[in-house]
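Asker: Take this structure first; my questions come after.
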Amino acid sequence: MTATSIQMNKNLNIVPFVSVDHMMKIVGRLSMETMLEGIAAYIEEDFKRWELFDKTPRVAAHSDEGVIELMPTSDGEHYGFKYVNGHPKNMKEGLQTVTAFGVLSKVYTGYPILFSEMTILTALRTAATSVVAAKYLARKNSHCMALIGNGAQSEFQALAFKTMLGIDKLRLYDIDPAATEKFKGNMQGYGFEIVTCGSAREAAQGADIITTVTADKQNATILTDDMVGPGVHINAVGGDCPGKTELEKDLVLRSSLFVEYPPQTRIEGELQQLDADYPVNELWQVIRGELAGRKNDTEVTLFDSVGFATEDFSALRYIRDQLDRPGMSDMYENLDMIADPDDPRDLYGMVRRSGAMAKVAA
Ligand code: NAD
């Protein structure tokens, strides 16, 4: 596994497409835990190559109902982007809050080398990123996590923290008890000790890590300063849009704050509540050993997660590499996506000779 291990298709005009069905088959073939670990390794590898990436805050189109965003980046060799939405009201209409798809391309030709669903992949990469951060920021002996918000992302978070950090006790809370019941059903057999709580305050009690992954299009206050004891690591996932936060400002101010890409987090994260020049720690520097993560067992650390383009790039790169492995040829289909005239300048002639056009008078 290297940053350059992606193989070029022999036929450049055919683009592998991973549908939702394919992604579920890939999970079945590799296992959820293997994929979480694999994607986390690619994310960490790409954070270590931070200066190589083109970086920009995502391009967001806001509406009263939600947001649609484009998330592009490139390491100079490959280019990737994700299309993603965030519509908290969707869930009540039987639709996903977050859906996504993405593309990975070869910079040299500009030709795509992967089209993929990214709704499932976003849940995997968000959980993998949370664990990469927690590896450096949570106390080493952490076992118990409060999980506030038990929607679509929540099981992925729980499983990632169990697989890579050994979290085996969960304290659950959601304003909708049906979400918590759904979570408990899905997580049966994974060996978690689960406590269902009646409030976020109760869930936070005694937790080593608190993950907030709620969806509400407002400045919500899921966690207040007095709910969080010394030494806790907060993995704040749900505040990821202007005017959409989860933590009380005093709690953010008390915490050591770690972010993905400051220019984007200042717009979208808990950080939007603080002054524009408030000092933050960048995760890539911690991963590279250039900056301390957690400094002692009493510090409150906060990963102000918003989701950055390099993490989607890493996830796409991981999936593309899996497709080249033996036995994976039924995990995608080939799309006829790129026009291929015999003479590159004769695009029109290709269409004319196909017989698709009405006869042209001689
Ligand atoms: P979802 O709609 O499936 O689930 C959200 C859950 O939060 C629901 O069960 C809802 O009942 C619960 N909830 C809402 N308000 C609450 C409150 N005050 N207290 C407790 N529970 C509450 O959404 P999802 O797909 O799981 O996404 C969750 C959040 O994570 C969204 O805000 C989404 O935008 C965000 N997200 C962030 C990243 C990232 O990289 N940071 C990635 C994906 C999603």
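With positions in the sequence shown counted from 1, the corresponding number in the working numbering is that position plus 845.
Ideal Cβ placement from N, Cα and C applies to all residues, glycine included.
Keep in mind it's a predicted model, so treat the numbers as computed, not measured.
(1) Please go through the same chain and pick out, in chain order, the residues whose beta-carbon is closer than 7 Å to the beta-carbon of L1161, but skip the five residues on each side of it.
(2) Label S1199 either buried or exposed according to how many other C-beta atoms from any shown protein chain fall within 10 Å of its C-beta, with 16 as the threshold for buried.
(3) What are the boundary residues of the alpha helix (DSSP H) that includes L969?
(4) Could you give the residue range of the beta strand (DSSP E) that holds S1159?
(5) Could you tell me the distance, in whole angstroms, from the CA atom of R1197 to the CA atom of I1183?
(6) Check for me: the beta strand (DSSP E) holding F1148 runs from which residue to which?
(7) If D1102 and V1073 are in contact, beta carbons under 8 Å, what's the gap, nearest whole angstrom?
(8) Under 8 Å between the Cβ atoms of S987 and A1081?
(9) Ends of the alpha helix (DSSP H) at V1077?
(10) Which of the three DSSP states is assigned to I1112 in this structure?
(11) Among the residues of its own chain, which have a CB less than 6 Å from the CB of A1065, if the five just before and after it don't count?
(12) At 4 residues or longer, what runs of the alpha helix (DSSP H) sit wholly inside the stretch 1003 to 1038?
(13) Using a Cβ-Cβ cutoff of less than 7 Å, which residues in the same chain neighbour G1083 once the five nearest sequence positions on both sides are dropped?
(14) Please state whether DSSP places S1174 in a helix, a strand or coil.
(15) As a quick exercise: from P1075, Q1109, N1126 and L857, pick the residue whose alpha carbon is nearest that of N1141.
(16) Among all the DSSP beta bridges, which residues are the ones paired with E1127?
(17) Strictly by DSSP, which residues pair up with T1141?
(18) So what's H932 in DSSP terms, helix, strand or just coil?
(19) According to DSSP, is T879 part of a helix, a strand, or is it coil?
(20) Rounded to whole angstroms, what is the Cα-Cα separation between E1115 and A1137?
(21) Using the C-alpha atoms, what's the distance from K937 back to S850?
(22) Just to confirm before moving on: does the CB-CB distance between E1156 and T964 stay below 8 Å?
(23) Kindly list the residues whose CB is nearer than 6 Å to the CB of M868, restricted to its own chain and excluding five residues on each side of it in sequence; keep chain order.
(24) Excluding the 5 residues preceding and the 5 following M846 in the sequence, name in chain order all residues of the same chain whose CB lies nearer than 6 Å to its CB.
(25) Given P1186, which residues of its chain have a CB within under 8 Å of its CB, disregarding the five upstream and five downstream residues?
(26) Do D1085 and G911 come within 8 Å of each other at the CB atom, strictly closer than that value?
(27) Compute the Euclidean distance between the alpha carbons of A979 and I1012, then round it to the nearest angstrom.
(28) Return helix, strand or coil for H988, following the three-state DSSP convention.
(29) Output needed for G1134: all residues of its chain with C-beta closer than 7 Å, excluding positions within five of it in sequence on either side, in chain order.
Answerer: Let me lay it out:
(1) Spatial neighbours of L1161 in its own chain (CB-CB distance under 7 Å, excluding positions within 5 residues in sequence) are listed in chain order as G925, G947, L949, L959 and S961.
(2) S1199 counts as exposed, since fewer than 16 other C-beta atoms from the protein chains shown sit within 10 angstroms of its C-beta.
(3) From DSSP, the alpha helix (DSSP H) with L969 extends over T964 to L982.
(4) Segment A1154 to L1168 is the alpha helix (DSSP H) holding S1159; no beta strand (DSSP E) there.
(5) Spanning the alpha carbons of R1197 and I1183 requires a straight line of approximately 17 Å.
(6) Where F1148 is concerned, the enclosing beta strand (DSSP E) stretches over T1146 to D1149.
(7) Checking the displayed sequence, the identity of residue 1102 turns out to be Leu instead of Asp. Between L1102 and V1073, the beta carbon gap of about 14 Å keeps them out of contact (Cβ cut-off 8 Å).
(8) A distance of 8 Å or more separates the beta carbons of S987 and A1081.
(9) Note, V1077: premise wrong, no alpha helix (DSSP H); not H, not E.
(10) Helix, per DSSP.
(11) Excluding sequence neighbours, A1065 sits near E1091.
(12) Annotation note: the stretch 1003 to 1038 contains the following uninterrupted alpha helix (DSSP H) runs of length 4 or greater, listed N- to C-terminal: 1022 to 1031.
(13) Scanning its chain for C-beta atoms nearer than 7 Å, with the 5 sequence neighbours on each side dropped, one finds around G1083 the residues G994, T1057, V1058, T1059, A1060 and E1091, in chain order.
(14) Here S1174 sits in coil by DSSP.
(15) The residue with the shortest Cα to Cα distance from N1141 is P1075.
(16) Per DSSP, the beta bridge partners of E1127 are V1104.
(17) Residue 1141 is actually Asn in this sequence, not Thr. None; N1141 has no bridge partner.
(18) Coil, per DSSP.
(19) Three-state result, T879: helix.
(20) Their backbone Cα atoms lie some 21 Å apart in a straight line.
(21) Note that S850 has pLDDT 44, beneath the 50 cutoff, so the model's placement of it is unreliable and the number below is only indicative. If you take the alpha carbons of S850 and K937, they lie about 42 Å apart.
(22) Contact flag unset, no.
(23) E962 and I965, listed in sequence order.
(24) Since pLDDT at M846 reaches only 37, below the 50 mark, its modelled position is unreliable, and the value read off the structure follows with that caveat. Result list for M846: empty, nothing under 6 Å.
(25) The answer, listed in chain order, is L1192, G1194 and M1195.
(26) The answer is no: Cβ separation not under 8 Å.
(27) One Cα belongs to A979, the other to I1012, and the distance between them is close to 11 Å.
(28) In the structure shown, H988 adopts coil according to DSSP, grouped into three states.
(29) Excluding its 5 nearest sequence neighbours in each direction, G1134 has no C-beta neighbour in its own chain below 7 Å.
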